[in-house]
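Presented below is the structure to which this report refers.
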Amino acid sequence: MDCHGPGGNSTGSLRIEIEPLPPGMALVSGRITFDRVVFKSVGSGLDPAAAVVSPVRQAIVEALAGNEILASTLSHLDGHYALRVPVNRSILVRVKAQMLRTAGASSWNFAVRNNTNDRLYALDSSTFDTGDSGGMLDLHASSGWDGSSYTGVRAAAPFAILDTAFQAKALILSAAPAAVLPALNFYWSPDNRGIVGEFCPATGSIGTSFYVGAGFRDGCATPGELPAGIYLLGAFDGGAGDTDEFDPHVIAHEFGHYYEDRLSRSDSIGGAHGPLDRLDLRVAFSEGWGNAFAGMALNDPVYRDSHSGVTRDFYFDLESGFAPAPQGWFSEMSVGEILWDVFDDDAELRDPVALGFTPIHAVMTGAQVNTEALTSIFSFADALRRANPASSTAIRDLLSTKGISGTDAFGSNETNAGGDVDVLPIYRDITLDGPVTNLCSRATAGSEDGNKLGNNRFLRFDNGAERIVTIQAVGAALDPSTVAATDPVIYVYRRGAPVAMGLSDTVGAETIAHLPLSVGTYIIEVHDWDLTGTNTPPRCMTVSITGQS
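According to the numbering used here, the stretch in the sequence shown is residues 193 to 741, in order.
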């Protein structure tokens with residue numbers, strides 16, 4: 193074959209070898225697509241009537257005769273596939289909602305399952321005879337929309353979810369081509385809805401979309417361990433429900449939590465949160481990270497979450513900001529906007545940082561994993577500035593635009609108290625056999641789920657030698673405007689990992705006795721389990737560490 197390049201008049205020779213089919217084999221090929229339901233104008237929800245036909249990318253495709261797998265391949269990026277199959281056999285083609293790679297530098301295994309029966313979703317063709325020469329066979333997964341409601345099989349949903357996973361994977365591989373991504377299951381069902389009775393994903397009672405790691409239990413009538421993975425809402429409920437399969441930012445947000453859990457580190461305690469909340473610094477970073485990761489994976493800063501069936505959506509823009517949200521280290525919106533601005537290449541006067549994802553990934557899988565502090569915007573920003581000295585000043589200035597002034601991983605010298613001056617400093621230093629430290633569990637920002645600003649207080653203990661210590665928290669009112677903590681709780685962490693917990697029922701006091709500590713920096717968290725309400729009197733205690741010198 194002669195090739196003539198458009199930029200010259202030289203003639204070259206290119207040899208193409210086409211491997212012939214073995215005797216007795218035929219080729220079945222085609223294209224696999226799904227309905228991608230897209231959004232209308234912001235706030236107006238989804239538009240199922242204008243679904244975009246999209247390719248099913250890198251999914252497992254099989255030719256089956258009964259239960260026998262005759263051939264297997266992966267769909268290409270444009271949705272095409274080709275299978276070599278025996279001639280004159282009755283077969284069907286099955287497309288699994290699964291992407292799997294086990295060989296090569298990088299690997300992954302993402303699958304979409306029904307949490308009410310644990311079955312892997314798949315799209316099957318009708319059974320057909322391969323004849324002497326195979327043939328063309330296209331497969332399409334429809335949304336199931338009939339013009340006003342979901343009445344048909346919602347076959348497109350699992351492939352829409354898988355396609356968002358494809359985009360999230362591509363982002364990670366852009367920074368780490370040899371990334372080994374641990375297996376991840378997505379659990380979706382048209383029965384997945386807000387909690388009805390108890391939290392029981394086996395019946396579809398999931399409450400909201402969420403990611404959960406290993407080791408958690410459900411609340412079913414017969415409780416059991418909850419399979420790790422991403423659980424997604426799917427109940428249309430006649431237009432009154434909430435479906436997330438076509439909300440790629442929601443899916444990618446939860447993928448961001450998987451990333452934290454399996455590739456990075458998150459010290460988040462979870463719980464209810466929203467753009468207007470002032471949060472525990474760990475929660476603020478984790479949720480802001482999820483929002484930003486979604487924007488990065490989809491290359492779209494406008495986060496949208498459909499609800500009310502398909503007719504409405506909640507949205508915000510990480511580029512322009514969300515005006516009602518508080519600004520600071522305790523705000524998931526501030527964190528998300530900072531991370532997006534670090535990533536995006538649209539450098540502007542107020543956003544002079546444009547580093548892309550690679551430096552972010554390097555920090556998240558390196559320094560953030562090993563920080564002595566709790567994971568927060570402070571630990572991330574400190575590591576990012578150290579790793580990118582040429583951008584250090586610009587990163588500092590970017591943080592300042594969001595009301596963040598802490599100068600190291602511990603947020604030292606931070607001045608933004610989020611409306612409650614007593615939450616600063618973020619970490620109090622505590623010394624062995626030193627004076628007791630006075631702290632109060634506070635509810636200025638609310639107390640739902642114990643994850644709001646001031647609910648949990650932190651102490652830093654730098655331990656210079658191996659020793660055995662006793663840590664004690666005793667309820668004690670500090671002044672007439674406060675009350676004594678009635679159920680103090682103590683947690684001890686080393687680089688985010690729990691070392692010890694004090695969770696007894698002793699009234700007004702908690703003690704962790706005879707605790708062996710190696711050399712290193714420890715974070716002690718205290719709060720009053722009985723803290724409730726908003727703007728209730730602070731519940732205070734004294735904290736001490738005693739032991740061998």
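We treat Cβ as the ideally placed atom computed from N, Cα and C, and that holds for glycine.
- Proximity of the stretch 483-500 to the stretch 508-526 meets the contact definition, three or more beta-carbon pairs being nearer than 8 Å.
- In this structure, Thr-356 keeps its C-beta atom at 8 Å or more from the C-beta atom of Pro-419.
- In this chain, the beta strand (DSSP E) harbouring Val-244 covers 238-247.
- Annotated three-state conformation of Leu-354 is helix, per DSSP.
- Between Gly-513 and Met-525, the alpha-carbon positions lie close to 8 Å from each other.
- Distance check between Ala-484 and each of Asp-459, Phe-231 and Val-442 places Val-442 closest, using alpha-carbon atoms only.
- For Gln-664, the enclosing beta strand (DSSP E) starts and ends at 659-667.
- Ser-397 is not a Cβ neighbour of Asn-306, given a cutoff of 8 Å.
- Considering only Ser-246, Thr-225, Asp-330 and Gly-237, the residue with the shortest C-alpha distance to Leu-275 is Asp-330.
- Within the DSSP bridge table, the entry for Gln-290 names Ala-303 as partners.
- For Ser-633, the uninterrupted beta strand (DSSP E) segment begins and ends at 629-633.
- Annotated three-state conformation of Asn-483 is helix, per DSSP.
- Using a Cβ-Cβ distance cut-off of 8 Å, the stretch 249-264 and the stretch 366-377 are not in contact, since fewer than three pairs of beta carbons, one from each stretch, lie closer than that value.
- In its chain, beyond the 5 residues on either side, Gly-336 have a beta carbon closer than 7 Å to the beta carbon of Thr-343.
- In the structure shown, His-719 adopts extended strand secondary structure according to DSSP, grouped into three states.
- With three or more CB-CB distances shorter than 8 Å, the stretch 467-484 counts as touching the stretch 517-535.
- A distance below 7 Å between beta-carbons, with the five flanking residues on each side excluded, links Arg-346 to the following residues of its chain, in chain order: Ser-335, Gly-336 and Pro-382.
- Nearest Cα to Ala-668 within the set Ala-559, Trp-532, Arg-731 and Ala-218: Arg-731.
- If you draw a straight line from the Cα of Leu-591 to the Cα of Asp-625, it comes to about 37 Å.
- In the three-state scheme derived from DSSP, where H, G and I count as helix and E and B as strand, Thr-395 is classed as helix.
- Residue pairing by DSSP puts Phe-650 in a beta bridge opposite Tyr-619 and Glu-717.
- Residue burial is scored here from C-beta neighbours: Thr-607 has fewer than 16 other C-beta atoms within 10 angstroms and is therefore classed as exposed.
- Separation of Gly-448 and Gly-326 (C-alpha to C-alpha, rounded to the nearest whole angstrom) is 42 Å.
- Per DSSP, reduced to three states, the secondary structure at Leu-591 is helical.
- Cα atoms of Gly-431 and Ser-500: separation of roughly 6 Å, rounded to the nearest angstrom.
- Ranking Ala-241, Val-287 and Thr-400 by CA distance to the CA of Leu-315 puts Val-287 first.
- Membership of Ala-218 in the beta strand (DSSP E) is indicated by the continuous run 217-231.
- The stretch 365-416 is shown to contain whole beta strand (DSSP E) runs of 3 or more residues at 376-380 and 402-404, in chain order.
- In this structure Val-545 is not in contact with Ile-596, their Cβ atoms being roughly 14 Å apart against a cut-off of 8 Å.
- DSSP places Glu-260 within a strand segment (E or B) once states are collapsed to three.
- For Pro-212, the three-state secondary structure derived from DSSP is coil.
- Less than 8 Å separates the beta-carbon of Asp-270 from that of Pro-247.
- The Cβ atoms of Leu-238 and Phe-378 lie no closer than 8 Å to each other.
- Note on geometry: alpha-carbon atoms of Arg-687 and Ala-575 lie some 15 Å from one another.
- About 12 Å separates the CB atoms of Leu-312 and Asn-301; that is not less than 8 Å, and the two are not in contact.
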